[in-house]
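Residue numbers (our numbering): 145 to 324. The next block holds one structure in the form of structure tokens; read it before the comments.
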């Protein structure tokens, strides 16, 4: 008999609320989007991949990448970037692993792609231990999303963007993200 430990990720995406019953947004004001993720599995998450596909009525020229946060570690993307890479040395609470963090905007596909990878500094590969990674495992499922250790299992990425200036009033702007 054996137990297979796997990370599991419930996620959601927050978008602008807008005004009125139709949730109108102004084309003069940037809208804030945030993609939230959480590990509720029995193993630490060693890699998080997020792909967010932007509606054609959103103006890529106004896109501002903001933050990448996991387990309380915050990375601020410098202003004006459509591509960013960094390597972080994480402390003892992460078993001194490294984290490779990247975000890239693919203009032709209108996708923002974030990748966060745990790296074992001794091997240069992802950690093999079930309890070492970027997002902690759930100690005793089902996990409490508001529990005292929830921040160790959660993260988010966010950005702001404006609608295209010529977007007609009443146009429906859709936007979706996937997390693996």
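Think of the CB as a built atom: it goes at the ideal place given N, C-alpha and C, for glycine as much as any other residue.
When secondary structure is reduced to three states using DSSP, residue 312 falls in the coil class, being assigned neither helix nor strand. Taking the Cα positions, residue 216 is about 26 Å away from residue 174. Classified as exposed, residue 310 has fewer than 16 neighbouring CB atoms from the shown chains inside 10 Å of its CB.
Residue 254 is positioned such that its CB atom lies closer than 8 Å to that of residue 197.
A straight line joining the alpha-carbon of residue 250 with that of residue 297 spans about 28 Å. Counting only the Cα atoms, residue 247 lies some 10 Å from residue 193. Residue 307 carries a strand assignment under DSSP once its states are collapsed to helix, strand and coil.
Taking C-beta atoms as the reference points, residue 321 and residue 195 count as a pair closer than 8 Å. Residue 273 has its alpha-carbon roughly 8 Å from the corresponding atom of residue 188. Sequence-distant Cβ neighbours of residue 275 in its own chain, meaning closer than 8 Å and more than five residues away, are 187, 188, 281. From the listed residues 184, 237, 233, 252, the smallest Cα separation to residue 288 is found for 184. The C-alpha of residue 212 lies about 10 Å from the C-alpha of residue 179. Of the other Cβ atoms in all chains shown, fewer than 16 fall within 10 Å of the Cβ of residue 220; this residue is therefore exposed. Between residue 206 and residue 306 a beta carbon distance of about 4 Å is seen, short of the 8 Å cut, so the two are scored as contacting. With at least 16 other beta carbons inside 10 angstroms of its own, residue 182 counts as buried.
Here residue 182 carries a strand assignment [DSSP, helix/strand/coil]. Judged by DSSP in its simplified three-state form, residue 211 adopts strand. Within the same chain, and ignoring the five residues on either side of residue 233 in sequence, the residues whose Cβ sits closer than 7 Å to its Cβ are 242. About 5 Å separates the CB atoms of residue 317 and residue 199; that is less than 8 Å, so the two are in contact.
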